[in-house]
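Residue numbering for the sequence shown follows the working numbering, beginning at 3 and increasing consecutively. Glycine included, every Cβ here is placed at the ideal spot set by N, Cα and C.
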Amino acid sequence: MSALCNVTGTRATGEPLNFFERYLTLWVALCIVVGIVLGQLFPEPVQAIGGMEIAKVNLPVGALIWVMIIPMLLKIDFGALHQVKGHIRGIGVTVAINWLVKPFSMAFLGWFFIRGVFAPLLPAEQIDSYIAGLILLAAAPCTAMVFVWSRLTNGDPYFTLSQVALNDSIMIFAFAPIVGLLLGISSITVPWATLFTSVVLYIVIPVILAQIMRKRLLARGQAAFDAAMTRIQPWSVAALLLTLVLLFAFQGDAILKQPLVIALLAVPILIQVFFNSSLAYLANRALGEKHSVACPSALIGASNFFELAVAAAISLFGFESGAALATVVGVLIEVPVMLLVVRVVNASKGWYERGLRVPERAP
């Protein structure tokens, strides 16, 4: 393992939740209030911002998404891909959950709850859009916050780093086909041109730019890289919050008319988080993988790249769509739900290790 990978690996899981991350649910709730108020008081400026589009890409939101995503992608070391073979069981479980289980289980939960159980309580014209938003939310695994979750569970930093690098590599090629397939199965029109444009704008280009920036910053030393990350991280959070304010400025009327919608959309999201994290955790235990690998595996398997989901939903279906609202519900519940999963896997460590089929390897 190179010296650079050693340094990056030890720092990959990051520090515990910072002030903004710890209270993300509160900030999202405030964004809901501020956005709704602005939308009601200043409808014309809000509509003008919504109309600033080129090829169905909203320019202000596009800029905000780049500011939001690029700092997260700077943490990804694609050089860690050669470490994948060191944790092949945990990697295999996580890849299977992320790409073969989670998108499809979320689609099923969307069909069951949104088209079935909750359909009488939801606006009929938005039901397909809500399902599309849920699919977008589950179609890409989390990239940045999992480093924090891994740190809170004493997860193996090299596994976390290599798994995230692998997921981001797969995402470039798999996101659009999976979304297109599940939207098609759901009888939702697939705007393929806009979908591929979203992949290029919000995955491919940011990944390339982030890796160029990462290489240049690391050339100046790890201290320079860490200092730069500290400076730019607040910009990422600010961009997310501004995007949410804009979105809720458009969604205000719908929320005021049917405030129960957010709670109903949260149900399938919560179920898929607990289902996928449990499945990954138990599968790693059955295969004899270390607890320090099973924890980040479960957390990566359960969490979502909600920033990408929000951007794609706005591009594909618009600010006022049910899809955009569904993805934001994912943002709203992400931190408290994932912290609950962290507590469960930490509390169950003794039970996990007693049931390993093979003795846990020494670190």
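Determine the DSSP secondary structure at V269, reduced to helix, strand or coil.
The three-state reading of DSSP puts V269 in helix, counting H, G and I together.
By the DSSP assignment, the alpha helix (DSSP H) with S350 in it spans what residues?
If you look at S350, you'll find it isn't in any alpha helix (DSSP H); DSSP assigns it neither H nor E.
For T162, count the other beta carbons within 10 Å of its own beta carbon; 16 or more makes it buried, fewer makes it exposed. Which is it?
With 16 or more other Cβ atoms within 10 Å, it is buried.
Same chain only: Cβ atoms within 7 Å of P208, ignoring 5 sequence neighbours per side
Excluding residues up to 5 positions away in sequence, W68, I71, I72, L75 lie with their Cβ nearer than 7 Å to the Cβ of P208 in the same chain.
Please state whether the Cβ-Cβ distance between S152 and C297 is less than 8 Å.
Their beta carbons are under 8 Å apart, which means S152 touches C297 by this criterion.
Beta-carbon proximity of M231 to I205, cut-off 8 Å:
Their beta carbons are not under 8 Å apart, which means M231 does not touch I205 by this criterion.
Would you say V181 and A141 are within 8 Å of each other, going by their C-beta atoms?
The answer is yes: Cβ separation under 8 Å.
Would V331 pass as a contact of V275 if the rule is Cβ separation under 8 Å?
Against a cut-off of 8 Å, the Cβ pair of V275 and V331 comes out as no contact.
Within 10 Å of its beta-carbon, does M3 have 16 or more other beta-carbons around it, so buried, or fewer, so exposed?
No answer about M3 holds up, because its pLDDT of 34 lies below 50 and its placement is not dependable.
What's the gap between the Cα of V148 and the Cα of I273?
Whole-angstrom Cα-Cα distance: 19 Å.
Would you give the residue range spanned by the alpha helix (DSSP H) that N169 belongs to?
For N169, the enclosing alpha helix (DSSP H) starts and ends at 159-187.
Which one of I34, W101, T191 has the shortest CA to CA distance from F175?
It is W101.
Tell me the DSSP bridge mates of I56?
Secondary-structure assignment with DSSP links I56 through a beta bridge to V59.
Cβ pair count under 8 Å reaching 3, the region 37-45 against the region 239-258:
In short, these stretches touch, since the Cβ pair count reaches three.
Near L111, what residues of its chain come up, given a Cβ to Cβ distance below 7 Å and the 5 sequence neighbours on each side ignored?
Closer than 7 Å at the Cβ level, and outside the excluded window around L111, lie P270, I273, Q274.
Counting pairs of Cβ atoms below 8 Å between the region 301-309 and the region 128-142, do you hit three or more?
Yes, the region 301-309 is in contact with the region 128-142.
Hey, how far is the Cα of L258 from the Cα of P125?
If you take the alpha carbons of L258 and P125, they lie about 13 Å apart.
Proximal residues to S350 (C-beta, below 6 Å), its chain only, five neighbours per side dropped:
So the list is empty, once near-sequence residues are dropped.
Helix, strand or coil for L6, going by three-state DSSP, please let me know.
Any reading at L6 needs caution, since the residue's pLDDT is 33, under 50, leaving its predicted position unreliable; the model's value is listed next. In the structure shown, L6 sits in a helix (DSSP, three-state: H, G or I).
Name the residue from A311, V247, V63 whose alpha carbon lies nearest to the alpha carbon of I34.
Looking only at A311, V247, V63, the smallest Cα-Cα distance to I34 is reached by V247.
Expressed to the nearest angstrom, what Euclidean distance is found between the alpha-carbon atoms of R91 and V295?
C-alpha separation (whole angstroms): 9 Å.
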